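Participant: Numbered continuously in this note's numbering, the sequence shown closes out at residue 58.
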Amino acid sequence: MKNIFIRDEVYEKLLKLKRGKESFSDVIMRLIEGRTEVDVLEKYAGKLSESELSDLVSEERKKLRVRDFDN
């Protein structure tokens, strides 16, 4: 485990992004992973057929809908 320092304004924004009992680490990881998924989609933009792109978007949307409500 590591400590990091963030500005108050960043803390407030992260606090607003928290879902339920999600930790700040979970929020940051979700944001990082979300950006990675966007990067993947941008990488293939214009290189996939419309149906391939549609399938890829559908798969990514399914991943975003999965949530763990037990924590």
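Virtual Cβ for every residue (Gly too), placed ideally from N, Cα, C.
It should be emphasised that the depicted structure is a prediction, and the values quoted were computed from it without experimental measurement.
From what residue to what residue does the alpha helix (DSSP H) around L4 run?
Facilitator: Your numbering for residue 4 matches position 17 in the sequence shown. Counting along the chain, the alpha helix (DSSP H) containing L4 begins and ends at -5 to 4.
Participant: Kindly give me the distance between the Cβ atoms of L28 and V14, rounded to whole angstroms, as I take these residues to be in contact under 8 Å.
Facilitator: Residue numbering aside, residue 28 sits at position 41 when the sequence shown is read from its first letter. Residue numbering aside, residue 14 sits at position 27 when the sequence shown is read from its first letter. So it is not a contact: roughly 22 Å between Cβ atoms.
Participant: According to DSSP, is S12 part of a helix, a strand, or is it coil?
Facilitator: Translated into the one-based positions of the sequence shown, residue 12 becomes position 25. Helix.
Participant: State the Cα-Cα distance for the pair A32 and E(-4), rounded to the nearest angstrom.
Facilitator: As a position in the sequence shown, residue 32 is number 45, starting the count at 1. As a position in the sequence shown, residue -4 is number 9, starting the count at 1. Distance between the alpha carbons of A32 and E(-4) is about 34 Å.
Participant: Taking 8 Å as the cut-off, decide whether the C-beta atoms of L35 and L43 are in contact.
Facilitator: Stepping through the sequence shown from its first residue, residue 35 is reached at position 48. Stepping through the sequence shown from its first residue, residue 43 is reached at position 56. Yes, these two residues count as a Cβ contact at 8 Å.
Participant: Between R17 and E39, what straight-line distance do the alpha-carbon atoms span, to the nearest angstrom?
Facilitator: What you label residue 17 is simply residue 30 of the sequence shown in a count that begins at 1. What you label residue 39 is simply residue 52 of the sequence shown in a count that begins at 1. One C-alpha to the other measures close to 25 Å.
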